Amino acid sequence: MTPRLEEVTPANFDAATGIRIRPGQEHAVEPVVKSLAEAYVHPAGVAWPRLIVDDDRPVGFLMAFLDIDWNGDGSVHRSGLWRLNIAADTQGRGYGRFAVESVAAEIRRRGGKEMYVSWHPGPDGPEEFYLRLGFRKNGETSGGQTVGVLEL
Ligand SMILES: CC(C)(COP(=O)(O)OP(=O)(O)OC[C@H]1O[C@@H](n2cnc3c(N)ncnc32)[C@H](O)[C@@H]1OP(=O)(O)O)[C@@H](O)C(=O)NCCC(=O)NCCS
């Protein structure tokens, strides 16, 4: 497994928007096309969308948020993982871990010391995945989702 990240361009747009998670997981993450639309409407530099490719095969999509105004009042700025969609037939092979480590490296490169994520709570969400990768719940919720943080 030698995955890499690609910027989303006209050349791989269809591959990115074609990433499909498993049936029954749709409550846990938005479709890629919605994430890309959100990236477009946010100020430049806030969203960091990337296609995850292995051996030229698209295996997933991630979108980080970089230095956002968390409360909307300028008091707290955070970076983290906004979206993560690993393709149905390539889940369980380490691509999710690769995505988290890649975003952690990017945040660290920019001088960040913490990586945030929020997830759908309960057994039908990805909580165990994030806890296994070292995130801890910080006691907050965001839009009904559990907030987790990883020290970098
Ligand atoms: C959650 C998701 C991103 C995990 O990606 P993945 O590529 O399948 O995960 P990995 O293969 O990298 O797994 C990394 C580790 O987490 C564990 N893990 C992954 N999913 C898990 C789950 N649902 N429950 C428990 N452990 C899990 C793996 O066993 C592995 O542990 P190990 O390295 O100790 O063996 C993927 O299943 C997915 O896209 N789900 C649907 C959408 C979603 O929930 N996205 C997150 C939105 S916040």
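Numbering (my numbering), first residue to last: 1232 to 1383. The C-beta atom is built at its ideal place from N, Cα and C for all residues, glycine as well. Predicted model, so just to flag it, every value in this text is computed and none were measured.
P1280 places its beta carbon less than 8 Å from that of L1267. Following the DSSP letters along the chain, one finds K1265 inside the alpha helix (DSSP H) bounded by residues V1263 to V1272. Pairing L1315 with A1335 gives a Cβ-Cβ distance that is not under 8 Å. Following the DSSP letters along the chain, one finds S1333 in no beta strand (DSSP E) but inside the alpha helix (DSSP H) bounded by residues Y1326 to R1340.
Taking the Cβ atoms as the reference, E1269 lies roughly 7 Å from A1278, within the contact range of under 8 Å. Here P1241 is exposed: its Cβ has fewer than 16 other Cβ atoms, across all protein chains shown, within 10 Å.
Around the Cβ of V1260, a 10 Å sphere holds 16 or more other Cβ atoms; the residue is buried. Between W1313 and V1348, the alpha-carbon positions lie close to 6 Å from each other.
Around the beta-carbon of A1319, fewer than 16 other beta-carbon atoms lie within 10 Å, marking it exposed.
For E1257, there is no enclosing alpha helix (DSSP H), as DSSP marks it with neither H nor E. Spanning the alpha carbons of R1328 and S1306 requires a straight line of approximately 31 Å.
Put simply, of Y1361, A1247 and G1370 the residue whose alpha carbon is nearest the alpha carbon of R1288 is A1247. Comparing C-alpha distances from H1273 to each of N1369, P1262 and D1300 shows the shortest one belongs to D1300.
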